[in-house]
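According to this note's numbering, the sequence shown holds residues 0 to 489 in order.
For every residue, glycine included, the Cβ atom is placed at its ideal position computed from N, Cα and C.
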Amino acid sequence: MFENEKENGQDLKPLSISKEWKLLYHRHGRPGLEEGIKFKGLCKYCEIQSLCSLPKPEIGVWRCEHYRAKVWRKSDFYQNVIRQLEKAQEVNNFDRDICKIMAETMNELVVHFPVKMDDGHVKMFTGYRVQHNNALGPFKGGFRFHPMVDIDEVRALATLMTWKTAIANIPFGGAKGGLQIDPADHSPTEIEKIARRFTFALGSNIGPDYDIPAPDVNTNPQIMAWIQDTYMSTIAPDERNRCIHVVTGKPIESGGSAGREKATGQGVIFLIEKWAQDHGFKMNGATYIVQGFGNVGSWAARLMKMNGSKLIAVEDITGAIRNKNGIDPDDLAQHVKEHGGIVDYPKAQSINHEVFFSTKADILIPAALENSITGNTAELLNVKLVAEGANGPTDEEGDKILQRKKIHVIPDILCNSGGVIVSYFEWLQNKRSEFWELDEIDSKLKKIIIGAYERVRNAAEKYKVDWRTAAQIVAISRLEMVYKERGIFP
Ligand code: NAD
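Next comes the structure, spelled out in structure tokens:
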């Protein structure tokens with residue numbers, strides 16, 4: 000089913016894909032696709048009949064959104080992360096040997112496992128767990144369920160987690176997991192079996208004081224509860240209750256923390272508010288646009304509303320919408336709950352991808368996937384601030400254009416750290432058998448994330464660099480110090 004990159008002797012690498020084809024990445028047959036419908040057909044990549052209409056590829060077979068998304072997103076994510084590290088090294092002259100360590104992941108696990116589907120047939124799945132670094136504490140990072148997950152993406156995300164925990168000054172390292180699956184293709188019973196079987200396959204490569212997963216794209220508290228239960232069921236009975244912190248982002252009843260669900264979005268908002276304060280910018284009446292309306296995007300949008308700011312455009316995998324008079328994020332969140340996406344939201348107009356990115360607003364919150372702010376989309380942007388809720392939303396070219404256009408960026412490794420900070424609180428509460436109230440969680444989160452903001456801002460001023468490089472410098476400084484104190488074994 001999954002062909003290799005060559006087909007009929009034709010090379011299907013990115014160069015063979017037309018430019019506009021790469022831009023059209025909306026899901027099958029959803030609004031947002033351009034005019035000029037030319038082709039309908041069977042996707043050779045995912046083998047599902049697509050309703051999507053797209054220009055014919057220049058060469059090779061036609062493939063659907065899955066393949067395009069792969070070409071589009073994969074392009075350079077991991078290389079970008081490493082180049083960012085090199086850039087920080089050049090600015091601050093970090094120890095080259097330590098940067099050599101930082102440029103590699105420590106452990107990479109690939110598992111293939113079978114699961115019996117509802118109709119009785121057996122399907123094979125591929126999952127990854129990459130542990131980048133644990134010098135500062137146990138490995139920590141989410142599990143992503145997505146058809147395009149691959150080892151390079153998980154490597155990049157694991158590496159970003161190491162920087163994120165170092166900047167926030169919390170005692171964790173960095174890791175990430177991914178499962179190559181489109182959750183939309185599976186029933187809840189199948190998702191449960193797949194999540195449990197994945198956990199079983201990972202075995203003791205995760206653990207409450209060793210490597211602690213959490214939710215990410217397409218995973219949620221329910222999936223965390225299944226992972227927790229599976230892990231606890233595979234260890235000795237007298238150990239089980241000492242292991243409830245094997246995952247964070249659990250439902251409250253299973254040991255989750257107040258405020259974890261909204262934590263990433265809440266962190267984004269605390270930082271936007273601080274940025275506004277620093278720049279004499281008024282939140283009341285400010286306009287914002289959000290890409291991705293899942294956990295991070297929808298919470299960020301709803302919390303922005305409390306400042307009197309106005310949401311005017313949203314894009315998710317099902318399409319893009321705009322209403323210059325304002326979109327009520329709570330109402331839209333309800334619509335998404337009922338319809339699975341923003342598509343067909345009746346109180347806004349459907350727009351395409353370029354119109355979404357061209358919408359004039361004060362703030363853009365990218366909260367979908369990596370590499371969405373590229374050379375093309377950055378040129379379209381007409382905002383003052385990009386607050387990166389997603390991991391790696393801006394590629395290298397996009398970053399240069401944002402700098403040229405003097406659009407301020409609160410970089411991902413600072414901006415979306417609210418999630419892992421409250422995960423740390425959840426982990427601590429579990430270890431101590433405590434439960435903290437929401438106001439305590441929020442005030443502790445604010446203190447930690449604003450502290451991180453100030454460290455990054457100070458580094459940007461000291462080294463006269465952009466905030467992404469400054470954030471990287473803060474992270475590597477902390478790791479370098481620890482490596483120098485401890486030395487390299489043996
Ligand atoms: P989610 O699965 O809840 O939501 C993802 C959203 O992105 C959905 O609305 C989906 O429709 C949209 N999306 C996916 N592909 C898209 C595309 N090609 N174009 C437009 N929209 C698209 O995931 P999430 O947990 O909200 O994570 C979003 C981002 O935030 C990811 O980059 C994730 O790594 C990052 N993040 C999440 C957390 C967390 O606590 N969940 C913490 C830190 C960072």
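Residue nearest to residue i in terms of C-alpha spacing, selected from the options
i: residue 131; options: 125, 237 and 162; result: 162
i: residue 307; options: 285, 294 and 414; result: 285
i: residue 363; options: 244, 259, 447 and 313; result: 313
i: residue 370; options: 387, 323 and 227; result: 387
i: residue 247; options: 145, 343, 383 and 212; result: 212
i: residue 129; options: 120, 175 and 112; result: 175
i: residue 420; options: 450, 217 and 458; result: 450
i: residue 452; options: 276, 327 and 436; result: 276
i: residue 287; options: 383, 186 and 238; result: 383
i: residue 422; options: 79, 480, 155 and 167; result: 167
i: residue 403; options: 374, 425 and 411; result: 374
i: residue 182; options: 160, 84, 147 and 198; result: 147
i: residue 158; options: 303, 274, 225 and 106; result: 106
i: residue 111; options: 412, 209, 358 and 122; result: 122
i: residue 484; options: 142, 325 and 135; result: 135
i: residue 226; options: 191, 291, 473 and 407; result: 191
i: residue 115; options: 80, 193, 170 and 140; result: 193
i: residue 178; options: 171, 198 and 448; result: 198
i: residue 320; options: 354, 466 and 299; result: 354
i: residue 153; options: 461, 437, 76 and 92; result: 76
i: residue 138; options: 91, 119 and 171; result: 171
i: residue 457; options: 444, 471 and 445; result: 471
i: residue 264; options: 414, 156 and 425; result: 414
i: residue 189; options: 228, 118, 155 and 133; result: 118
i: residue 487; options: 81, 82, 97 and 86; result: 97
i: residue 283; options: 303, 328 and 299; result: 303
i: residue 448; options: 426, 425, 329 and 418; result: 418
i: residue 510; options: 151, 113, 101 and 150; result: With the chain represented from 0 up to 489, any question about residue 510 goes unanswered, as that position is not in the structure.
i: residue 143; options: 367, 359, 92 and 236; result: 367
i: residue 324; options: 358, 352 and 149; result: 358
i: residue 406; options: 385, 318, 412 and 468; result: 385
i: residue 301; options: 86, 318, 331 and 278; result: 331
Classification of residue i by the beta-carbon crowding that lies within 10 angstroms, buried from 16 upward
i: residue 281; result: exposed
i: residue 95; result: exposed
i: residue 475; result: buried
i: residue 201; result: buried
i: residue 160; result: buried
i: residue 479; result: buried
i: residue 489; result: exposed
i: residue 361; result: buried
i: residue 0; result: Per-residue confidence for residue 0 stands at a pLDDT of 23, beneath the threshold of 50, marking its modelled position as unreliable; the derived number appears in the next sentence. Result: exposed.
i: residue 333; result: exposed
i: residue 79; result: buried
i: residue 203; result: exposed
i: residue 207; result: buried
i: residue 260; result: buried
i: residue 348; result: exposed
i: residue 390; result: buried
i: residue 416; result: buried
i: residue 267; result: buried
i: residue 309; result: buried
i: residue 164; result: buried
i: residue 173; result: buried
i: residue 401; result: buried
i: residue 240; result: exposed
In DSSP terms, what residue i is bridged to
i: residue 287; result: 310 and 362
i: residue 112; result: 124
i: residue 318; result: 315
i: residue 349; result: 320
i: residue 385; result: 363 and 408
i: residue 372; result: 393
i: residue 211; result: 139
i: residue 107; result: 129
i: residue 201; result: Answer is none; residue 201 lacks a bridge partner.
i: residue 206; result: 210
i: residue 177; result: 127 and 143
- prompt: Are at least three pairs of beta-carbons, each pair with one atom in the region 392-400 and one in the region 295-311, less than 8 Å apart?
  reply: As far as the Cβ criterion goes, the region 392-400 does not touch the region 295-311, which means the pair count is below three.
message: Assess contact between the region 421-439 and the region 230-247, defined as three or more Cβ pairs (one per stretch) separated by less than 8 Å. Is contact present?
response: Enough Cβ pairs lie closer than 8 Å, so yes.
field: Inside the region 388-466 only - alpha helix (DSSP H) runs reaching at least 4 residues
entry: Within the region 388-466, the complete alpha helix (DSSP H) runs of at least 4 residues are 395-403, 411-414, 417-431 and 437-462.
- prompt: Touching or not, the region 109-129 and the region 373-381, by the rule of three or more beta carbon pairs under 8 Å?
  reply: Because the criterion of three Cβ pairs below 8 Å is not met, the region 109-129 and the region 373-381 do not touch.
task: Please determine if the region 247-257 and the region 219-228 are in contact, where contact requires at least 3 C-beta pairs separated by less than 8 Å.
output: These segments touch.
- prompt: Do the region 309-328 and the region 341-349 touch if we need at least three Cβ pairs shorter than 8 Å?
  reply: Contact between the region 309-328 and the region 341-349 is present: three or more C-beta pairs spanning the two stretches fall below 8 Å.
Complete runs of the beta strand (DSSP E) confined to the region 130-175 [at least 3 residues]: Runs of the beta strand (DSSP E) spanning 3 or more residues and lying entirely within the region 130-175 occur at 142-145, in chain order.
message: As an exercise, report each continuous alpha helix (DSSP H) stretch of at least 4 residues that is fully enclosed by the region 213-278, in chain order.
response: Note on the region 213-278: whole alpha helix (DSSP H) runs with a minimum of 4 residues are 220-232 and 262-277, in chain order.
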